[in-house]
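Quick note: the sequence shown uses the numbering used here, first residue 204, plus one each step.
Just below is one structure, and these are the notes that go with it.
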Amino acid sequence: MAERSPRPILGETAAGDRLRSKDAYARHTGTAPMPVWSSNKARHRLSRIENRQLNAGLHLIALTQATGTNRRNR
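Spelled out as structure tokens, the structure:
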């Protein structure tokens, strides 16, 4: 996602009203944690099968917010 605007995310979630809840939205974007069990330990990981473009856009937003390099801080 080279473009740094909300347009790609809005385009991918244009039919967001069809999703029942924020949990359904998280599953659609691939950001919902999935339980994984190994040696009787429950762990969570992110889904690799959902909307990767949307997940990449959300990841870019999270990185930008974490580093504090948005336009308002300049």
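Glycine included, each C-beta is placed from N, C-alpha and C at the ideal position.
Predicted, not measured: the structure shown is a model, and the values here were computed from it.
From residue i to residue j, what distance separates their C-alpha atoms?
i: Pro238; j: Glu253; result: 15 Å
i: Ala245; j: Asp226; result: 20 Å
i: Ala269; j: Trp240; result: 30 Å
i: Arg221; j: Arg230; result: 13 Å
i: Ala265; j: Leu257; result: 12 Å
i: Ser224; j: Ser242; result: 32 Å
i: Thr267; j: Tyr228; result: 21 Å
i: Met204; j: His247; result: In this predicted model, Met204 has a pLDDT of only 44, less than 50, meaning its place in the structure is not dependable; the value taken from the coordinates is given anyway. One C-alpha to the other measures close to 26 Å.
Considering residue i, what are the terminal residues of the alpha helix (DSSP H) in which it resides?
i: Leu261; result: Arg255 to Thr270
i: Arg223; result: First-last for Arg223: undefined, no H or E at that position.
I'd like to know if the stretch 218–234 and the stretch 257–270 are in contact, where contact means that at least 3 CB-CB pairs between them fall below 8 Å. Output reads yes: the stretch 257–270 touches the stretch 218–234.
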